[in-house]
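Okay, so the sequence shown: first residue is 757 according to our numbering, each after it adds one. Glycine included, each C-beta is placed from N, C-alpha and C at the ideal position.
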Amino acid sequence: MKPVSNRYTREELIIPLDHGLLYRGKDLSLQRIVFIYAVPHQGQPYAQTYIHQIGNSAQVTNSAPYMHVFDVEMDQTYIYIIMKYIKGTPLQQFMLNHTFSIQEAAAFVTSMGQTLMEIAEDRPLNFSISPNNLWVSDELQISLINTWDKSQHNQRLSKELSGILYSLVTQTKQVPADTEALRNGLQSSHLLDELSLTQKKTLITTAANAYEERLSALSFTQSLKDLFHEPNEIEGTEEPEDYAVAPRHSHKNKALATLFTTLKHALFRKLVWKRISLTLSLALLSAVVFIGVFAYLIETTGHKESKSTLASSTGNQQQTSPPENKPQQIEIKNAKEPVEAKTENHVVVPVLTGLTREDAEKQALANGLRYSFYIETNALAAGTVFKQEPMPHEEAAKGSRVTFWISKGSAAP
């Protein structure tokens, strides 16, 4: 396949998405596998707007990333979003290759719904949660691939979740367009044979009501949880036929039996649902994709190469020119820099992208890190940090070095 740039190459098409194509690719500079999400564009203004959408999506979510963005490249036809690679498969393919029990399918949808409702407290759920936009890792963790493009379907979360439940139960990609077809599809699924007639009827009715948007996501997920609670047991002990001859401690025994049964139900709910929930938990925003690390980087083809300036926190400055065909800058090492001990305390790398040089320097020092920076041609406003290494929220040894790149504005045409 045609290389994205001198640094990134596409190796295999994984799946078409709503707005582009997802590839498995390679970062030649760091010799690592990456995701490359190729989205077509119609010129520079469109590209600028699109990249701002990505940045805005990340700003309202600060969860630990499972599939975050490393970089963005651009040519005359496509914007290439370089993301962290996770071993796994799209949910759409996963559903066709794996058989869920009805309890596992319900727990999966419940876990997803609860996580999405928590996310909705911080940001609008206007992105797609269709199966081809969800990635399942080998550890059964779920990540959203694209959270910056708005969903093409303006529908309630309950309908989306009902559609995913249908796909899991029937192992089909296509969700029916009408409720009656959805009912028939669920009715004919062999997975529902595990249920009693009452449970089966309740599940189909609940899914249909959610699909018709007559139930909220909260009501839908709660109904699924209630459906698979442990079968009802006798709450407490029965009264003896002859109360007069009952032991004096019968009231105490009854209270203890009731308490035991209540605790047993509570533990059952926690152990069963939380175990499945944690196993299949959405890293979502993780899921949501953390994208502040590249901060609107655009590199159009045909730009003239320019000199880059490197400065370090020691105050020494020197001019350096990047080697031809190698966009990755040479790492600057200080020979006098002490070797970090393995027992050195670690710190979390702060977000520097989007800051001015002065603010980035202050942030680095405030977090116990040294710093170096480059000044390069970039589409962002002059003086703005547009890239950093290590990535935000990664762990680094205290006293180690963080490098960031500062824009000096667009190159002259």
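| task | Write down every uninterrupted run of the alpha helix (DSSP H) in the segment 804 to 888 whose length is 4 residues or greater and which is fully enclosed by it, in chain order. | result | 847 to 853, 858 to 875
| query | Could you check where the beta strand (DSSP E) with I777 kicks off and where it finishes? | reply | Mapped onto the sequence shown, residue 777 falls at position 21. Contrary to the premise, residue 777 reads as Leu rather than Ile in this sequence. 777 to 783 is the span of the beta strand (DSSP E), which, as asked, contains L777.
| Does the segment 790 to 804 come within contact of the segment 852 to 864, defined as at least 3 CB pairs closer than 8 Å? | no
| Which residues bound the beta strand (DSSP E) around R939? | The residue given as residue 939 occupies position 183 in the sequence shown. Looking at the DSSP string, R939 is not in any beta strand (DSSP E); the run it does join, the alpha helix (DSSP H), is 935 to 943.
| task | Round the Cβ separation of I810 and W904 to the nearest angstrom and send it over; I've been treating them as touching at under 8 Å. | result | For the purposes of this step, residue 810 is taken as the residue at position 54 of the sequence shown. For the purposes of this step, residue 904 is taken as the residue at position 148 of the sequence shown. At roughly 4 Å, the Cβ-Cβ gap stays under 8 Å, so I810 and W904 are in contact.
| task | Decide if R788 is buried, meaning its Cβ has at least 16 other Cβ atoms within 10 Å, or exposed. | result | To locate residue 788, count along the sequence shown from 1; it is residue 32. Looking at its Cβ environment, which holds fewer than 16 other Cβ atoms inside 10 Å, R788 is exposed.
| query | Counting pairs of Cβ atoms below 8 Å between the segment 885 to 900 and the segment 836 to 847, do you hit three or more? | reply | yes
| message | Comparing C-alpha positions only, which one of S944, K1118, G869 sits nearest to K956? | response | Within the sequence shown, the letter at position 200 stands for residue 956. Closest by alpha carbon: S944.
| query | Apart from the five residues just before and just after E1151, which ones in its own chain have a Cβ nearer than 7 Å to its Cβ? | reply | As a working mapping, residue 1151 is identified with position 395 in the sequence shown. Excluding positions up to five away in sequence, the list reads H1102, V1104.
| query | Whose C-alpha, out of I898, G941, K906, is nearest the C-alpha of L881? | reply | The sequence position of residue 881 within the sequence shown is 125, counting from 1. The shortest C-alpha separation from L881 is found at K906.
| request: May I ask which residues mark the beginning and end of the beta strand (DSSP E) holding A1120? | output: In the sequence shown, the residue the question calls residue 1120 occupies position 364. Unbroken run through A1120 is the alpha helix (DSSP H), 1113 to 1122; no beta strand (DSSP E).
| What whole-angstrom Cβ distance do A963 and S918 have, given they're in contact under 8 Å? | The residue given as residue 963 occupies position 207 in the sequence shown. The residue given as residue 918 occupies position 162 in the sequence shown. 5 Å between Cβ atoms; contact.
| field | Cα-Cα separation, Q978 to T954 | value | Here residue 978 corresponds to residue number 222 of the sequence shown, with the count starting at 1. Here residue 954 corresponds to residue number 198 of the sequence shown, with the count starting at 1. In a straight line, the C-alpha of Q978 is about 17 Å away from that of T954.
| Would you call L786 buried or exposed, if buried means 16 or more other Cβ atoms sit within 10 Å of its Cβ? | As a working mapping, residue 786 is identified with position 30 in the sequence shown. L786 comes out exposed.
| said: For P759, which residues in the same chain have their Cβ closer than 8 Å to its Cβ, ignoring the five residues on either side in sequence? | reply: Translated into the one-based positions of the sequence shown, residue 759 becomes position 3. Contacts found: T765, R766.
| task | Can you have a look at S1128 and say buried or exposed, based on whether 16 or more other CB atoms are within 10 angstroms of its CB? | result | For this step, residue 1128 is matched to residue 372 along the sequence shown. It counts as buried.
| said: Is the beta carbon of R1157 closer than 7 Å to that of R1113? | reply: In the sequence shown, residue 1113 corresponds to position 357, counting from 1. In the sequence shown, residue 1157 corresponds to position 401, counting from 1. Not a contact, by the Cβ cut-off of 7 Å.
| Do I858 and L971 come within 7 Å of each other at the CB atom, strictly closer than that value? | Within the sequence shown, residue 971 is the residue found at index 215, counting from 1. Within the sequence shown, residue 858 is the residue found at index 102, counting from 1. No. Outside cutoff.
| message | Within 10 Å of its beta-carbon, does A1137 have 16 or more other beta-carbons around it, so buried, or fewer, so exposed? | response | For this step, residue 1137 is matched to residue 381 along the sequence shown. A1137 comes out exposed.
| said: Considering just the uninterrupted stretch of the alpha helix (DSSP H) at L913, what are its terminal residues? | reply: By one-based count along the sequence shown, residue 913 stands at place 157. Where L913 is concerned, the enclosing alpha helix (DSSP H) stretches over 913 to 926.
| field | Alpha-carbon to alpha-carbon, S923 and Q930 | value | For the purposes of this step, residue 930 is taken as the residue at position 174 of the sequence shown. For the purposes of this step, residue 923 is taken as the residue at position 167 of the sequence shown. Whole-angstrom Cα-Cα distance: 7 Å.
| task | Return the Cβ separation of I835 and V828 in integer angstroms, given the expectation that the two are a contact with Cβ distance under 8 Å. | result | Along the sequence shown, read from residue 1 onward, the residue named residue 835 stands at position 79. Along the sequence shown, read from residue 1 onward, the residue named residue 828 stands at position 72. Confirmed, Cβ separation roughly 7 Å.
| field | Three-state secondary structure assigned by DSSP to Q978 | value | Reading the sequence shown from its first residue, position 222 is the one you call residue 978. Note: Q978 maps to helix in three-state DSSP.
| query | From which residue to which residue does the alpha helix (DSSP H) around L971 run? | reply | Walking along the sequence shown from the start, residue 971 turns up at place 215. Run containing L971: none; DSSP gives neither H nor E here.
| said: Restricting to Cα atoms, I'd like to know which of Q849, P801, I837, A966 is closest to G776. | reply: Numbered from its first residue, the sequence shown carries residue 776 at position 20. When only C-alpha atoms are compared, the closest one is I837.
| request: Just the C-alpha distance for F850 and N888, rounded to the nearest angstrom, thanks. | output: Taking the first residue of the sequence shown as 1, we reach residue 850 at position 94. Taking the first residue of the sequence shown as 1, we reach residue 888 at position 132. Roughly 10 Å between the two C-alpha positions.
| field | I960 - partner residues in DSSP beta bridges | value | Stepping through the sequence shown from its first residue, residue 960 is reached at position 204. Note: I960 sits in no beta bridge, so no partner.
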